[in-house]
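Novice: This is the structure, below, for whatever I ask next.
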Amino acid sequence: MQAADQRCVVVYLSAGFSLAQAARLGEAFNLANRLQPLGADYEVKYVSESGGLLQSSSGVRIAADAFDDEHGRSAYAFLHLHGERVTINWDAALQRRLGDVRRQARWIADAVDLPGLAAAPPLMHAARAQAADGTRRPAATIEPPAGAVDVFAVVLDMFRADLGDGAAQQIADNFMRPVEQRYTQSMWAYRELSASPSIRMSAQRLRTLSANRISIADVARTAAMSERNFLRRFKREIGVTPTEFVQHVRLERACHMLVHTTLPADKVARRTGFGSGERLAKLFRQRLLVSPTEFRIAERERLLIDGAQQPEARTASRPAPAAGDWAGPAARAHLR
């Protein structure tokens with residue numbers, strides 16, 4: 001998939017954001033990309049006002065890119081994660097970029113509505129005055145209103161519009177599973193989120209290219225690193241080598257296609273980058289101790305049993321916004 005075909009999702013982080021919430025978003029978009037018939041479609045970019053290390057509510061710091069003009073111009077979705085209050089240093093450049101988001105983004109989930117505030121007349125007048133005298137105004141602190149926007153409800157609505165009800169339901173169901181069943185997946189999300197921006201983007205690139213033959217040297221060059229340095233840093237930050245990471249992504253996609261499509265194992269193998277059904281079967285027996293066909297039968301039976309035992313799950317998994325979530329400029333979450 002070409003970069004021009006990808007939807008840029010800007011996750012704007014403010015100090016005190018929930019690391020667990022950010023990781024869950026990463027899981028959701030990784031799953032959404034696995035549901036795409038032609039590979040990854042959403043490109044998630046974690047940014048902050050000025051970039052660098054940003055502290056979460058748990059005290060863990062993660063690296064974010066600086067919010068720049070390209071993010072404002074290319075944003076398909078703008079999702080703001082923050083703590084109990086948001087501190088922002090308004091200047092003309094930030095207002096311009098948020099104004100671009102307001103015009104460009106189809107989906108915005110932001111309890112404090114930064115794009116809307118950037119276009120408010122008082123701030124526009126202040127920006128013109130600042131440009132004239134070269135002064136910088138002091139930081140402003142904003143407290144989100146009660147009944148804040150449910151970012152995940154907005155994201156699920158976006159998936160429903162982009163991918164269809166079936167895919168959105170699968171993603172919603174994934175977050176209804178007990179935490180212990182999602183432990184491994186969550187650990188991957190935390191490792192990717194905690195990685196440096198260059199390694200994080202490389203992991204996304206490997207996901208995008210996983211169905212094809214991949215040159216690690218090319219990915220390293222894209223990250224502006226030597227191959228040796230890239231391999232060392234990727235293993236240190238993600239926990240596995242790039243080759244192991246790609247194999248993990250391919251296996252995830254193959255598992256999904258076996259359960260949710262009727263394609264024979266040979267075609268699943270070719271579409272997920274394994275090349276042949278024999279190679280896929282060998283990996284399944286090594287990792288899962290069953291053949292692809294046995295896995296398909298067992299997982300479909302499990303889904304049928306789970307569906308029969310928990311009929312209420314289908315209704316509960318689609319979150320509804322709380323009263324007032326969708327009203328007023330201070331609680332903006334909408335499709336443009």
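When the count follows UniProt numbering, it moves up by one through the sequence shown with no breaks and lands on 336 for the last residue.
Built from N, CA and C at the ideal position, the CB exists for glycine as well.
Note that the structure is predicted; figures quoted are calculated from it, not measured.
So what does DSSP say about G99, is it helix, strand or coil?
Specialist: Helix, per DSSP.
Novice: Taking Q55 as part of the beta strand (DSSP E), name the residues at either end of that continuous run.
Specialist: From DSSP, the beta strand (DSSP E) with Q55 extends over 52-55.
Novice: Between V101 and the ligand ATP, is there a pair consisting of the residue's CB and a ligand heavy atom that are separated by less than 6 Å?
Specialist: The ligand ATP is absent from the structure shown, which contains no ligands of any kind.
Novice: Is E143 helix, strand or coil by DSSP?
Specialist: Note: E143 maps to coil in three-state DSSP.
Novice: At the level of alpha carbons, what is the spacing between E265 and E252?
Specialist: The residue asked about is misnamed: residue 265 is Ala in this sequence, not Glu. Roughly 14 Å between the two C-alpha positions.
Novice: Rounded to whole angstroms, what's the CA-CA distance from V10 to A75? Just pull it up for me.
Specialist: Approximately 6 Å, taken between the alpha carbons.
Novice: Mark I305 as exposed unless 16 or more other C-beta atoms lie within 10 angstroms of its C-beta, in which case mark it buried.
Specialist: Burial call: exposed.
Novice: Among R302, H80, K282, which residue has its Cα nearest to the Cα of S18?
Specialist: Nearest option by C-alpha distance: H80.
Novice: Taking the alpha-carbon positions, what's the W107 to L25 distance?
Specialist: Going from the Cα of W107 to the Cα of L25 covers about 15 Å.
Novice: Given G51, which residues of its chain have a CB within under 7 Å of its CB, disregarding the five upstream and five downstream residues?
Specialist: Here the set comprises A64, D65, A66.
Novice: What is the DSSP secondary structure of residue 341, counted as helix, strand or coil?
Specialist: Since the first residue shown for the chain is 1 and the last is 336, residue 341 is missing from the structure and cannot be characterised.
Novice: With a CB to CB cut of under 8 Å and the five nearest residues on each side skipped, what residues in its chain are close to G16?
Specialist: Within the same chain, G16 has close Cβ partners Q55, S56, S57, H82, G83, E84, R85.
Novice: Return the chain-ordered list of same chain residues with a C-beta closer than 7 Å to the C-beta of A220, the five sequence neighbours on each side being excluded.
Specialist: Cβ neighbours of A220 beyond the five flanking positions: S226, E227, F230.
Novice: Where does D162 sit, in a helix, a strand or coil, going by DSSP?
Specialist: Three-state DSSP puts D162 in a helix.
Novice: Going by DSSP, what residue range makes up the beta strand (DSSP E) through E43?
Specialist: Its beta strand (DSSP E) spans residues 42-48.
Novice: What's the C-alpha gap between I238 and R287?
Specialist: Going from the Cα of I238 to the Cα of R287 covers about 20 Å.
Novice: Drop a sphere of 10 angstroms on the beta-carbon of L289, count the other beta-carbons inside from all chains shown, and report buried for 16 or more, exposed for fewer.
Specialist: It counts as exposed.
Novice: Note down the Cα distance separating G277 from E49, rounded to an integer number of angstroms.
Specialist: Rounded to the nearest angstrom, the two C-alpha atoms are 48 Å apart.
Novice: Terminal residues of the continuous alpha helix (DSSP H) containing I199?
Specialist: Residues 197-209.
Novice: Pick out whichever of L94, T87, Q169, A119 has its Cα sitting closest to the Cα of L31.
Specialist: For the residues L94, T87, Q169, A119, the minimum Cα distance to L31 belongs to Q169.
Novice: Please classify T208 as buried or exposed, where buried requires at least 16 neighbouring CB atoms within 10 angstroms.
Specialist: Buried, because 16 or more other Cβ atoms sit within 10 Å of the Cβ of T208.
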